[in-house]
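Visitor: Each position in the sequence shown, counted from 1, maps to that position plus 79 in this note's numbering.
Glycine included, C-beta positions come from ideal geometry on N, C-alpha and C.
What follows is a single structure, and I will ask about it in a moment.
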Amino acid sequence: MPPFSTAIRLNPFKGCEGPEGEPVAWSRYGRILSERPNFTLDPLFHAGCYYVQDSSAMYVGYIFRKYIAVLETGAAKGASAGSAKCASAGAAEKSSAGADGQRGGKGVGPVIRVLDLCAAPGGKTSDLSTSLREAFGDNFCLIANEVIKSRAAALKDNAARWGDSNVVVTSADPAVFGRNMTGYFDAIIADVPCSGEGMFRKSQKAIEDWSPATVDLCAARQKRILGDVWPALKEGGLLVYSTCTYEDKENDDNLEWAADTLGGEIFRPENEFAEYGVRLTRHGNLLKAGEVPGEGQWVGALRKTAASPVTKKPIIPSPLALEESDRVLAINYAPEYPVVELELSDALKYLHRDALYLPDAPKGLIIAAYKSHPLGLAKNLGTRCNNLLPKSRRILMDV
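In structure tokens, the structure reads:
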């Protein structure tokens, strides 16, 4: 079996190039690299110019884009111009700060509301936000949720680097959305925890953790997740369901269960990428490690046919609000502070959270940048420059 590849996905809204590579057939911005560079020492990675993501995982974004017309139809039914985007106390105002309402060539219109249910570490969130912005301009809200608090913190950092201010990060159990936001979302993407057979080539732990009992446990947990969040999806809404395993119990069987039990119509799968090793299953597409450049992934989709009552005042739980250090990374941020361009050595020192000496820079708050791309904030005192990079984003290796 060939070794797994390294892939990245470019951020088109930051307008910079990442490492060169071969295109990913199902991702316009995906690139498969010939070797794995040291991303930690590339300031453009920290600036959110690209995201390191397995090429197979990008197939989830492809399926979402394929059925994005479902969102346009559903939004026309259930949303109106001027609807609240990401309505959460304190977070909404900050998350939409600086938005011009015209990105992607779209003006004011129905707001598309999407939930990335199991979002950490953030690869699919960044892919979804790019697709939504290109399709709907600024008229969307993407909630990226991760129930495990420590993973939600990493998700927040990665979402901040990507820089789309229409993304709100939350940390809640799927049932919280089902109880409090019924009929609210036009689409839900559920890349659910699974038995991990698609990771065997990459992870010894995935092999050690696998057993037939694990498959049964995961299949039952996936049903619970889908059942708990189902009321939050509006009638006519889109569910994209995915795993990184090959088990029918967790893939086709569970999507069929959702359609039959919860009320949905499965989209008939097609296989536009058979020449690249993608397989067709009963209800989805399967990418197997060794047959495609990346790891294992299964993806299927359905449209909800059963109605749910609409919550008049939806509550977004546990928002992790966009802070000032995050806002300077946003793709629609208009700089409020002087931008100071750093050489590579100083950029790495900044990312290491070292103190800088910038005698020629303006005093006060400044934006540290590399190749015109913001890295974060600093406070220049003249004799020294206090580093305001969040500790969670600090480079730990020696620079």
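Could you tell me if residue 228 is buried or exposed, where buried requires 16 or more neighbouring beta carbons within 10 angstroms of its beta carbon?
Guide: Stepping through the sequence shown from its first residue, residue 228 is reached at position 149. With fewer than 16 other Cβ atoms within 10 Å, it is exposed.
Visitor: For my contact list, residue 86 and residue 123 are in at a C-beta cut-off of 8 Å; report their separation, rounded to the angstrom.
Guide: Walking along the sequence shown from the start, residue 86 turns up at place 7. Walking along the sequence shown from the start, residue 123 turns up at place 44. Contact doesn't hold; Cβ gap of about 16 Å is too wide.
Visitor: Mark residue 436 as exposed unless 16 or more other C-beta atoms lie within 10 angstroms of its C-beta, in which case mark it buried.
Guide: Indexing the sequence shown from 1 puts residue 436 at position 357. Exposed is the label assigned to residue 436, since fewer than 16 other Cβ atoms lie within 10 Å of its Cβ.
Visitor: Examine the Cβ distances between the segment 316-332 and the segment 262-277 and report whether three or more of them are shorter than 8 Å.
Guide: yes
Visitor: Since residue 223 and residue 234 are thought to touch, with beta carbons under 8 Å apart, how far apart are those beta carbons, to the nearest angstrom?
Guide: Stepping through the sequence shown from its first residue, residue 223 is reached at position 144. Stepping through the sequence shown from its first residue, residue 234 is reached at position 155. Contact flag correct, Cβ pair sits at about 6 Å.
Visitor: Would you call the segment 238-246 and the segment 284-298 touching, i.e. three or more CB-CB distances under 8 Å?
Guide: No, because fewer than three Cβ pairs between the segment 238-246 and the segment 284-298 fall closer than 8 Å, the two stretches do not touch.
Visitor: For residue 237, which of 445, 469, 353 has the nearest alpha-carbon?
Guide: Locating residue 237 in the sequence shown gives position 158, counting from the first residue. That would be 469, whose Cα lies nearest to the Cα of residue 237.
Visitor: Could you check if residue 133 is buried or exposed, using at least 16 other CB atoms within 10 Å of its CB as the buried criterion?
Guide: Position 54 of the sequence shown, counted from the start, is the residue given in the question as residue 133. Burial check for residue 133: the Cβ neighbour count within 10 Å reaches 16 or more, so the residue is buried.
Visitor: Tell me the DSSP secondary structure of residue 274 in three-state form.
Guide: Position 195 of the sequence shown, counted from the start, is the residue given in the question as residue 274. Looking at residue 274 - three-state DSSP - the assignment turns out to be coil, as it is neither helix nor strand.
Visitor: Would you tell me roughly how many angstroms separate the C-alpha atoms of residue 272 and residue 220, rounded to the nearest one?
Guide: Walking along the sequence shown from the start, residue 272 turns up at place 193. Walking along the sequence shown from the start, residue 220 turns up at place 141. Approximately 24 Å between the Cα atoms of the pair.
Visitor: Taking all protein chains shown into account, do 16 or more other C-beta atoms lie within 10 angstroms of the C-beta of residue 84, making it buried, or fewer, making it exposed?
Guide: Within the sequence shown, the letter at position 5 stands for residue 84. Result: buried.
Visitor: Does the distance from the CB of residue 337 to the CB of residue 344 come in under 8 Å?
Guide: Counted from its first residue, the sequence shown places residue 337 at position 258. Counted from its first residue, the sequence shown places residue 344 at position 265. No.
Visitor: Measure how close the beta-carbons of residue 196 and residue 267 come, nearest whole angstrom, since I'm counting them as under 8 Å.
Guide: Residue 196 sits at position 117 when you count from the first residue of the sequence shown. Residue 267 sits at position 188 when you count from the first residue of the sequence shown. Here residue 196 really is in contact with residue 267; their C-beta atoms are around 6 Å apart, less than 8 Å.
Visitor: Quick one: what does DSSP say residue 84 is sitting in, helix, strand or coil?
Guide: By one-based count along the sequence shown, residue 84 stands at place 5. Looking at residue 84 - three-state DSSP - the assignment turns out to be coil, as it is neither helix nor strand.
Visitor: With a threshold of 8 Å between beta-carbons, can residue 308 be considered close to chain D, or not?
Guide: Reference to chain D is not applicable here, since this structure consists of a single protein chain.
Visitor: How would you label residue 476, buried or exposed, when you count the other beta carbons within 10 angstroms and need 16 or more for buried?
Guide: Taking the sequence shown and counting its residues from 1, one reaches residue 476 at position 397. Label assigned to residue 476: exposed.
Visitor: I need the straight-line Cα distance from residue 163 to residue 342, nearest angstrom please.
Guide: Here residue 163 refers to the residue found at position 84 when the sequence shown is read from its first residue. Here residue 342 refers to the residue found at position 263 when the sequence shown is read from its first residue. Any reading at residue 163 must be qualified, since the residue scores a pLDDT of 41, below 50, and its modelled position is unreliable; the value itself is stated next. Here the alpha carbon of residue 163 sits roughly 28 Å from the alpha carbon of residue 342.
Visitor: Which runs of the beta strand (DSSP E) fall wholly inside the segment 275-346 and span at least 3 residues, in chain order?
Guide: 312-322, 343-345
Visitor: Kindly give me the distance between the Cβ atoms of residue 467 and residue 455, rounded to whole angstroms, as I take these residues to be in contact under 8 Å.
Guide: Counting from one through the sequence shown, the residue named residue 467 turns up at place 388. Counting from one through the sequence shown, the residue named residue 455 turns up at place 376. 6 Å between Cβ atoms; contact.
Visitor: Considering only the beta carbon of each residue, do residue 106 and residue 375 sit closer than 8 Å?
Guide: Mapped onto the sequence shown, residue 106 falls at position 27. Mapped onto the sequence shown, residue 375 falls at position 296. Contact flag unset, no.
Visitor: Tell me whether residue 213 sits in a helix, a strand or coil according to DSSP, three-state version.
Guide: Mapped onto the sequence shown, residue 213 falls at position 134. Helix at residue 213.
Visitor: Going by DSSP, what residue range makes up the alpha helix (DSSP H) through residue 141?
Guide: By 1-based counting over the sequence shown, the position of residue 141 is 62. Where residue 141 is concerned, the enclosing alpha helix (DSSP H) stretches over 137-145.
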